[in-house]
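Here is the structure we will look at.
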Amino acid sequence: MTIKFCKGCNTSLDITMFGFNSNTKDGFQYKCKGCIKKHKAENIEQITITNKKYNLANRDKQMARSKQYYEANKEIMKIKRKEKNAKGGAGTDKAWKDKNLDKIKIYNKKYKKENREKLLISTKIYMKKYRGEHRIELMNRSKQYRIDNQAELLIKRKSLTEKEKEQIAIDSKIYYKNNKARIIATRKRWAKGNKNITNLIHQRYEAKKRELPNTLTVKQWENIKLFFNNKCCYCGKELPLAQEHFIPLSKNGEYTINNIVPSCKSCNSSKSNKLFESWYPKYKHYSIRREQKIFKFLGYDKEIQQLKLV
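If you use my numbering, the sequence shown corresponds to residues 304 to 613, in order.
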């Protein structure tokens, strides 16, 4: 058993009764734990003032030291905090937050006011990163919300005043102007990954310009390809398929399920704006079986035929 003399109560005590102090020769305090505790209780106000002054004067130094310690012991501190919170009680994070709720609110409000610009920048950086990592999830969530609240959104849109509509249009223009490069890049990326929909939109637009029916949907196009076993209806090859107007658009061919067939690029290019009956019988890949299948799909055995409209 090691004995040490206490300068506070002038008695010799066991070394375990003294706190650690790295600045002394033996590594322990000059006074025992009881004397230090008594001194703190008697001089609590003075100690508090002294500590506050020291903390203010050495704030950066203390923060740097705390940060360094946290980085070196991050995993251990996380485990200890989890264990402590799991046990509950007065010393846990939750208990402390519940006890100091009003103080926290005041501090947060003050901090937000003093660091508004800093918080805005950090929030923008975080949100940009989050949107990039969860792009598909956010798109699906947004799409599902529109489906679930379709009626409500429609009512809201209809109830907008002319002034509100004008303001939305102005805001949209300003947003587009400020984010033009990013919007164009996003549209290009979307178009690259959704070629079927992009093509459908373009074809509808062309038909609409000529005031022709334009009702083909993505689902109908998939059904058309399935009918022809995902092969070109003219040559029978399994190649990337394009939407071919049986009656050319330039000759008032509508963009509907009654006039669209799947075609490879080669056949589509060869047919161009020619009429089927003058082009296909002379074509190098002509097949009477495929011709009959095309007529069957388009319903040319009925009285009303699009071919007769030319």
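Beta carbons are placed, not taken as given, at the ideal position from N, Cα and C, and that holds for glycine.
key: Close Cβ partners of GLY330 (< 7 Å) along its chain, the five nearest in sequence each way excluded   = Counting from one through the sequence shown, the residue named residue 330 turns up at place 27. Taken in chain order, the residues that qualify are PHE323, ASN324.
task = With a 10 Å radius around its C-beta and 16 neighbouring C-beta atoms as the bar for buried, classify HIS505 as buried or exposed.
result = The residue labelled residue 505 in the question sits at position 202 within the sequence shown. The residue is exposed, with fewer than 16 neighbouring Cβ atoms inside 10 Å.
task = Give the straight-line distance between the Cα atoms of SER475 and ARG460, rounded to the nearest whole angstrom.
result = Taking the first residue of the sequence shown as 1, we reach residue 475 at position 172. Taking the first residue of the sequence shown as 1, we reach residue 460 at position 157. If you draw a straight line from the Cα of SER475 to the Cα of ARG460, it comes to about 15 Å.
request  = Throw me the rounded Cβ distance for the GLU254 and LEU552 pair, which I believe falls under 8 Å.
outcome  = Here the chain covers residues 304 to 613 and nothing more, so residue 254 does not appear.
query = Per DSSP, what kind of secondary structure is LEU457 in: helix, strand or coil?
reply = Residue mapping note: residue 457 aligns to position 154 of the sequence shown, counting from 1. Helix, per DSSP.
query = What residue does the alpha helix (DSSP H) around PHE579 start on, and which one ends it?
reply = Start at 1 with the first residue of the sequence shown, and residue 579 comes out as number 276. DSSP places PHE579 in the uninterrupted alpha helix (DSSP H) bounded by 579-582.
For ILE560, three-class secondary structure by DSSP = Here residue 560 refers to the residue found at position 257 of the sequence shown. Three-state result, ILE560: coil.
request  = Mind listing, in chain order, the continuous beta strand (DSSP E) runs of no fewer than 3 residues lying wholly within the region 362-391?
outcome  = Positions of the beta strand (DSSP E) runs, each at least 3 residues long and wholly inside the region 362-391, cannot be given because no such run exists.
ask   = With 16 as the cutoff for other CB atoms within 10 Å, does GLY435 come out buried or exposed?
value = Residue numbering aside, residue 435 sits at position 132 when the sequence shown is read from its first letter. Here GLY435 is exposed, its C-beta having fewer than 16 other C-beta atoms within 10 Å.
request  = Take the Cβ of GLN447 as the centre, count every other Cβ of all protein chains shown within 10 Å, and call the residue buried at 16 or more, exposed below.
outcome  = Numbered from 1 along the sequence shown, position 144 holds the residue referred to as residue 447. By the 10 Å Cβ count, GLN447 comes out exposed.
query = Roughly how many whole angstroms lie between the Cα atoms of LEU463 and ILE471?
reply = In the sequence shown, residue 463 corresponds to position 160, counting from 1. In the sequence shown, residue 471 corresponds to position 168, counting from 1. Spanning the two alpha carbons is a distance of roughly 10 Å.
task = Report the residue ranges of all alpha helix (DSSP H) runs contained in full by the region 494-518; include only those spanning at least 4 residues, in chain order.
result = 498-512, all fully within the region 494-518.
message = Tell me the rounded alpha-carbon separation between ILE347 and LYS370.
response = As a position in the sequence shown, residue 347 is number 44, starting the count at 1. As a position in the sequence shown, residue 370 is number 67, starting the count at 1. For ILE347 and LYS370, the distance between alpha carbons rounds to 28 Å.
Expected contact under 8 Å - CB spacing of VAL564 and ILE597 to nearest Å = Here residue 564 refers to the residue found at position 261 of the sequence shown. Here residue 597 refers to the residue found at position 294 of the sequence shown. With 8 Å as the limit, VAL564 and ILE597 qualify as a contact, their Cβ atoms being about 6 Å apart.
task = Determine the burial state of LYS334: buried for a count of at least 16 other Cβ atoms within 10 Å of its Cβ, exposed for fewer.
result = Here residue 334 refers to the residue found at position 31 when the sequence shown is read from its first residue. That one is buried.
query = Anyone know if the C-beta pair for ASN554 and ASN532 falls short of 8 Å?
reply = Walking along the sequence shown from the start, residue 554 turns up at place 251. Walking along the sequence shown from the start, residue 532 turns up at place 229. Here residue 554 is Lys; the residue named in the question, Asn, does not match the sequence. The beta carbons of LYS554 and ASN532 sit no closer together than 8 Å.
inquiry  = Excluding the 5 residues flanking PRO516 on each side, which residues of the same chain have their C-beta closer than 8 Å to its C-beta?
reply    = Here residue 516 corresponds to residue number 213 of the sequence shown, with the count starting at 1. Result list for PRO516: ALA510, GLU557, TYR558, THR559, in chain order.
task = Could you spell out the range, first to last residue, of the alpha helix (DSSP H) harbouring ILE306?
result = If you number the sequence shown from 1, residue 306 lands on position 3. Taken as a continuous stretch (DSSP letters only), ILE306 belongs to no alpha helix (DSSP H), being part of the beta strand (DSSP E) at 306-309.
message = Just to confirm the assignment: which complete beta strand (DSSP E) runs, minimum length 3, are found wholly within the region 318-346?
response = Complete beta strand (DSSP E) runs here, min 3: 321-323, 331-335.
Member of ILE409, LEU578, TYR537 whose CA lies at the smallest distance from the CA of HIS588 = As a position in the sequence shown, residue 588 is number 285, starting the count at 1. In terms of CA proximity to HIS588, TYR537 leads the group ILE409, LEU578, TYR537.
query = Can the beta-carbon of ILE318 be found less than 8 Å from the beta-carbon of THR305?
reply = Here residue 318 refers to the residue found at position 15 when the sequence shown is read from its first residue. Here residue 305 refers to the residue found at position 2 when the sequence shown is read from its first residue. Taking 8 Å as the cut-off, the Cβ atoms of ILE318 and THR305 count as close.
query = What residues in its chain sit with their C-beta under 8 Å from that of CYS567, if we drop five residues either side in the sequence?
reply = In the sequence shown, residue 567 corresponds to position 264, counting from 1. Within the same chain, CYS567 has close Cβ partners CYS535, TYR537, CYS538, LYS540, LEU542, PRO543, LEU544, ALA545.
Buried or exposed by the 16-neighbour rule on C-beta atoms within 10 Å, applied to HIS548 = The residue labelled residue 548 in the question sits at position 245 within the sequence shown. Buried.
task = Check whether the Cβ atoms of LEU422 and LYS432 lie closer than 8 Å to each other.
result = By 1-based counting over the sequence shown, the position of residue 422 is 119. By 1-based counting over the sequence shown, the position of residue 432 is 129. No.
query = Should LYS574 go down as buried or exposed, given a rule of 16 or more other Cβ atoms within 10 Å for buried?
reply = Taking the sequence shown and counting its residues from 1, one reaches residue 574 at position 271. By the neighbour-count criterion, in which 16 or more other beta carbons inside 10 Å mark a residue as buried, LYS574 falls on the buried side.
ask   = Quick one: does LYS461 have its CB under 8 Å from some CB of chain C?
value = Considering every chain present, this structure includes no chain C. It has just one protein chain.
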